[in-house]
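Structure first, commentary second.
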Amino acid sequence: MNTIETFDFKKKKALIRVDFNVPLNSSFEITDDTRIRAAMPTVKKILNSGGSVILMSHLGRPKAGYEEKFSLKHLVKHVSKLAGAPVRFASDCIGNVPLEMSKNLKPGEILLLENLRFHKEEEKGNEEFAQGLASLADVYVNDAFGTAHRAHASTAIVARFFPENKMFGYLIESELKSMDKVLRDPQKPFTAIMGGAKVSDKILIIENLLERVDNLVIGGGMTYTFIKAQGGNIGSSIVEEDKLDIALALIEKAKDKNVKLILPTDNVVADKFDAEASVQKTAADRVPDGWMGLDIGEESISRISEIIRDSRTILWNGPMGVFEMEKFEAGTRSVALAIAEATSRGAFSLIGGGDSVAAVNKYDLADKVSYVSTGGGAMLEYMEGKELPGIKAVRG
Ligand code: AMP
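Encoded structure:
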């Protein structure tokens, strides 16, 4: 298989699927350019090797056709600044406009195509549309990890038209490397920490992880489905009544597999879901009627932190509480700090999922953990053991 490191890009046109789905404010200014920055190592490598670059991406969720607020033209200046190269903009991603512009593209130059999702064929995975995209270039590079779990024209189907000349960019390569390290080759003890609002989103990943981990920590809103399933009182905490059986089955599976399942024993409860709510501390299985658990308690924090500090491999997905509100952030913050401490002692730590990534950034710990994943849904599916269409299309 070709790789970005070994392929000879000289005088070649590289079609790169990037994830430039960045937030814009009402003046169409980029408010967070993390995703654009994440693609730069790949872009620069190709330009510096004497190739030219054609960038394609989606932005937002346009309903039908062109919408000003989702135009990639708003990104041109910033991409050019970050790449240190001129960027031309094609007002459509398909047809004569990009075809002519790609013919005139010179080594060292970048062509940015208009939003792929202005055409419904993109999300449908239309083959003709994919062929049209493919006709623009000599080589295909997929570096959009955030959409690798979608079988769209630009993320998967287009690869068919480059039977030899297809590869991953640096971002996908490093995402795969860190996920495989955790899934296939973890140093023990291996601890997974699962949080967030709902257990239903995380059942498959928990099942897959139970085959691999030594410790599985459950926190956040999903705690209460497990506690209720075991007969505890959860007051008006968030719960998924239809998942009580599954919670019990997961507890059983953990026993079978000799995995230590750690549920919070105490928590911070509130009289309403509000930053100004009244709070008290209770046992996690004795939440008073009318109160809801919004964070793990001190006893749980110290037990979980100790387990994390003793681990050699750590996977974290989902906050321990409603960390967006100050009164309920202690659990999430402590977990983030314990992970950073374990990492400084040589553990490998992988953080994924929008909210745990936001937490790591909030506490300024992103460079104190081993890897922060850029793809929420894609990472979750890969960790569930699924084959992602965007990965399969390139790997074959
Ligand atoms: P998810 O997207 O499933 O990872 O959920 C993340 C969201 O879960 C965050 O916005 C948290 O505020 C929320 N969350 C965490 N713990 C709780 C809880 N105990 N009750 C309600 N929501 C929670």
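Heads up: the sequence shown begins at 9 in our numbering, then just goes up one per residue. Here a beta-carbon is modelled for each residue, glycine too, at the ideal position from N, C-alpha and C.
- Sixteen is the threshold: since fewer than 16 other Cβ atoms of the shown chains lie within 10 Å of the Cβ of TYR74, the residue is exposed.
- Take ASN275, set aside five residues on each side of it, and the residues of its chain with a beta-carbon closer than 6 Å to its own are ALA292, GLY301, ILE304 and GLY305, in chain order.
- For ASN134, same chain residues with a beta-carbon under 7 Å away, outside a window of 5 residues either side, are ALA161 in chain order.
- Contact between ALA22 and GLY58 is absent: CB atoms are separated by about 11 Å, not below the 8 Å threshold.
- ALA156 sits close to ILE399, with the two beta carbons spaced by under 8 Å.
- Annotation: HIS66 to ASN123 spans about 5 Å, alpha carbon to alpha carbon.
- In this chain, the beta strand (DSSP E) harbouring GLY301 covers 300 to 304.
- When secondary structure is reduced to three states using DSSP, GLY243 falls in the coil class, being assigned neither helix nor strand.
- Counting of Cβ neighbours within 10 angstroms places SER286 among the exposed residues, the total staying below 16.
- About 35 Å separates the Cβ atoms of THR321 and VAL147, ruling out a contact at the 8 Å cut-off.
- Counting only runs of at least 3 residues, the segment 33 to 64 fully encloses the following beta strand (DSSP E) elements, listed from N- to C-terminal order: 60 to 64.
- Its chain contains LYS21, SER60, ILE62, ARG96 and LEU119 as the residues whose beta carbon lies nearer than 8 Å to that of LEU113, once the 5 sequence neighbours on both sides are disregarded; these appear in chain order.
- For the set TYR390, ASP16 and THR340, the Cα lying nearest the Cα of MET202 is the one of THR340.
- Restricting attention to CYS101, ALA138 and HIS86, the CA atom closest to the CA of ALA401 is found in ALA138.
- Only exposed fits ALA283, as fewer than 16 other CB atoms lie within 10 angstroms of its CB.
- In this structure, the CA atom of LYS53 is about 27 Å from the CA atom of SER357.
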